[in-house]
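A.B. asks:
In the working numbering, the protein residues as written are 6 to 62.
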């Protein structure tokens, strides 16, 4: 039997303009949402910081 994944958790994050601008530019260049860019960055941060907690994709 397959185990159901927990539902994603929604959060609100505020960025200073000097970070928001580059994040928007990255999302436009990659043709993805700003949320996708932030999730990708957080996943990379967690993987680098705590490699044992990385989930297989």
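Glycine included, each C-beta is placed from N, C-alpha and C at the ideal position.
In terms of residues, what are the limits of the alpha helix (DSSP H) holding residue 31?
C.D. replies: Here residue 31 corresponds to residue number 26 of the chain shown, with the count starting at 1. Taken as a continuous stretch (DSSP letters only), the alpha helix (DSSP H) holding residue 31 covers 22–35.
A.B. asks: What is the DSSP secondary structure of residue 12, counted as helix, strand or coil?
C.D. replies: The residue labelled residue 12 in the question sits at position 7 within the chain shown. If DSSP states are grouped into helix, strand and coil, residue 12 belongs with coil.
A.B. asks: Of the choices 55, 27, 40, whose alpha-carbon is the least far from that of residue 16?
C.D. replies: For the purposes of this step, residue 16 is identified with residue 11 of the chain shown, where counting begins at 1. Of 55, 27, 40, the residue nearest in Cα terms is 40.
A.B. asks: If the criterion is Cβ atoms closer than 8 Å, does the pair residue 31 and residue 42 meet it?
C.D. replies: Looking up residue 31 in the chain shown gives position 26. Looking up residue 42 in the chain shown gives position 37. A contact, by the Cβ cut-off of 8 Å.
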